[in-house]
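Step one of this worksheet: look at the structure below.
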Amino acid sequence: MKACPEGDVLGLVGGTAVVIYGLRCVGHARCEEVCPVGGIEVGVGDLKSRKDVPLLDDEMQTNLPRVFVAGELGGIALVKNAALQGRRTVEAVVERIQGTGYKAAPGTLDLLIIGAGPAGLSASLMAKTHGLSYAALEKEDSLGGAILHYPRRKMVLTQPVDLSPWGALSREEYTKEDLLDVFWRLVTENQLQINFGEPMESMERLNGHYVVRSKLEEYRARHVVLAIGRRGSPRKLGVPGEELPKVMYRLVDAESYSKKHLLIVGGGDSAVEAAIGLARQTDNEVALSYRKEKLFRIKKKNQEKIEVLFDQGKVTPIFSSNLREVREDAVELELADGEIVERRNDFVFVFAGGVPPFRFLNQMGVQFGGEEAC
Numbered sequence: 001m002k003a004c005p006e007g008d009v010l011g012l013v014g015g016t017a018v019v020i021y022g023l024r025c026v027g028h029a030r031c032e033e034v035c036p037v038g039g040i041e042v043g044v045g046d047l048k049s050r051k052d053v054p055l056l057d058d059e060m061q062t063n064l065p066r067v068f069v070a071g072e073l074g075g076i077a078l079v080k081n082a083a084l085q086g087r088r089t090v091e092a093v094v095e096r097i098q099g100t101g102y103k104a105a106p107g108t109l110d111l112l113i114i115g116a117g118p119a120g121l122s123a124s125l126m127a128k129t130h131g132l133s134y135a136a137l138e139k140e141d142s143l144g145g146a147i148l149h150y151p152r153r154k155m156v157l158t159q160p161v162d163l164s165p166w167g168a169l170s171r172e173e174y175t176k177e178d179l180l181d182v183f184w185r186l187v188t189e190n191q192l193q194i195n196f197g198e199p200m201e202s203m204e205r206l207n208g209h210y211v212v213r214s215k216l217e218e219y220r221a222r223h224v225v226l227a228i229g230r231r232g233s234p235r236k237l238g239v240p241g242e243e244l245p246k247v248m249y250r251l252v253d254a255e256s257y258s259k260k261h262l263l264i265v266g267g268g269d270s271a272v273e274a275a276i277g278l279a280r281q282t283d284n285e286v287a288l289s290y291r292k293e294k295l296f297r298i299k300k301k302n303q304e305k306i307e308v309l310f311d312q313g314k315v316t317p318i319f320s321s322n323l324r325e326v327r328e329d330a331v332e333l334e335l336a337d338g339e340i341v342e343r344r345n346d347f348v349f350v351f352a353g354g355v356p357p358f359r360f361l362n363q364m365g366v367q368f369g370g371e372e373a374c
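Residue numbering for the sequence shown is 1 to 374, as defined by this note's numbering.
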């Protein structure tokens, strides 16, 4: 219980260890590592009943033969987990190739990797190490996956992770910038083949291999690793004025804002971290609007920091509220009792989650759990 960075996920009730705040678990697996009797196993549960996770076998293979998933899309977050899954999926590919004696036909890659976050980079490194013909496609113009969109100097919890033969992430915390620098060194020192600015647009199975079309090229590959994460595109609220340039869906540099009237919409870690960062700048007035009556499922460190800012009056919580309209110099919020509140406003930051790429994957034939396709 003490080993968990998120605090009281587990607890003792009547001398028996039980899950107290299961929603706070993000997959650190420290409890599993330190349990003296091996009685704890951290996983994603029964995938057959989860509509938000592809159906996967023990090798992280989807229902499509030789199409694997690595990283957050598989249901468990954290850099360490993503990197390990990227490594393991490629090891599974190597075993299949060695076991069958398969040799790729001219113009067909052994492996195509979609995404250049921690999972995609780890998979690319292993593909290069094992001498596979491969390429990685990244929709952004830079690497890092979801980390690329974190605020400046955000601390990223990694846990030590082996990236052999290149090296290791030896620290438990890195700033966003330091971690991206490590990733860039990994890419350049190993001359990894990553094609930036190439989002995957389609994938189809053809004569024992896969044809993947990006925005720029068409690729043929025997195996595919999907390391695309779960972020998708930002979820919009659909309220009047949301198209104004003052409305944004991520915060990159909190220090760019001072002496402003700011509204944060959302109650997850991204919203709370944005509120914390903006409240630390000079003379900002920061309000946090959340549709529920209190904050749920945020990291323990964020919970402690935001509560201090609430107490100090540096962040004004407006719980049980919904953004109703955005205007040039103000916003309207609707409270639970129907009251409409107007607040002066310069910028709005919306953190309402993303639209995950589930439908896109369904269209390619990837199956998810649950009774119906996502």
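For each residue, glycine too, the CB sits at the ideal point set by N, CA and C.
Cβ neighbour criterion (16 or more within 10 Å) applied to residue i
i: LEU12; result: exposed
i: PRO54; result: buried
i: GLY266; result: buried
i: LYS80; result: buried
i: GLY120; result: buried
i: LEU216; result: exposed
i: ARG87; result: buried
Rounded straight-line distance, which links the Cα of residue j to that of residue i
i: VAL9; j: ARG213; result: 43 Å
i: MET200; j: SER321; result: 38 Å
i: PRO356; j: GLU204; result: 20 Å
i: ARG280; j: SER256; result: 12 Å
i: LEU148; j: LYS176; result: 8 Å
i: PHE347; j: GLU325; result: 13 Å
i: VAL225; j: GLY75; result: 15 Å
i: VAL315; j: ALA254; result: 14 Å
i: CYS4; j: THR100; result: 43 Å
i: THR89; j: MET126; result: 9 Å
i: LEU186; j: LYS294; result: 41 Å
i: ASN302; j: VAL272; result: 7 Å
i: ALA334; j: SER289; result: Per the sequence presented here, residue 334 reads as Glu, with Ala not at that position. Straight-line Cα distance between these residues: approximately 10 Å.
i: ALA352; j: ALA287; result: 15 Å
i: ASN207; j: SER170; result: 44 Å
i: ARG66; j: GLU243; result: 42 Å
Three-state secondary structure (DSSP) of residue i
i: ASP181; result: helix
i: ARG324; result: strand
i: GLY117; result: coil
i: ASN362; result: helix
i: VAL187; result: helix
i: ARG222; result: strand
i: MET203; result: strand
i: LEU137; result: strand
i: ASN195; result: strand
i: GLY229; result: coil
i: SER124; result: helix
i: VAL315; result: strand
i: ALA336; result: coil
i: PHE351; result: coil
i: HIS149; result: helix
i: ASP110; result: strand
Same chain only: Cβ atoms within 6 Å of residue i, ignoring 5 sequence neighbours per side
i: SER124; result: ILE113, ALA136 and LEU192
i: PRO234; result: TYR249 and GLY354
i: GLU285; result: HIS261
i: GLU342; result: ALA330 and GLU332
Cut-off 7 Å between Cβ atoms - residues of its own chain near residue i, not counting five sequence neighbours on either side
i: ALA104; result: ASP110, SER133 and ARG222
i: VAL252; result: PRO151 and ARG152
i: PRO165; result: THR129
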